[in-house]
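Structure first, commentary second.
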Amino acid sequence: MSGPAISKHLKVLEAAGLISRSRDAQRRPCRLNAAPLGEVAAWLERYRVFWDASFDRLDDYLRQMQVKGGPHEERP
């Protein structure tokens, strides 16, 4: 990966608040800010719980349909 490409990626991460950059002579050290990642993880967890419950209900419904329907007969 080229230097300008790395710089562009770092600018995007900095704009998103995921890293902070400082200057030390010719070096530009970066520091990870993990707090926004925790917020994303919490947001995703809420949706994971929702979708897990939805798929569990769908599984239950499909099992009930199989029991009620029994073997399907071909129609002429």
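Numbering-wise (full-length UniProt numbering), the sequence shown opens with residue 1 and increments by one.
The beta-carbon is built from N, C-alpha and C at its ideal position, and this holds for glycine as well.
This structure is a prediction, so every number in the text was calculated from the model and none was measured.
In terms of Cβ geometry, residue 37 and residue 10 do not form a close pair [threshold 9 Å]. Membership of residue 20 in the beta strand (DSSP E) is indicated by the continuous run 19 to 21.
By alpha-carbon distance to residue 28, the top candidate from 39, 40 and 3 is 3.
Annotation: the continuous beta strand (DSSP E) that includes residue 31 extends over 30 to 32.
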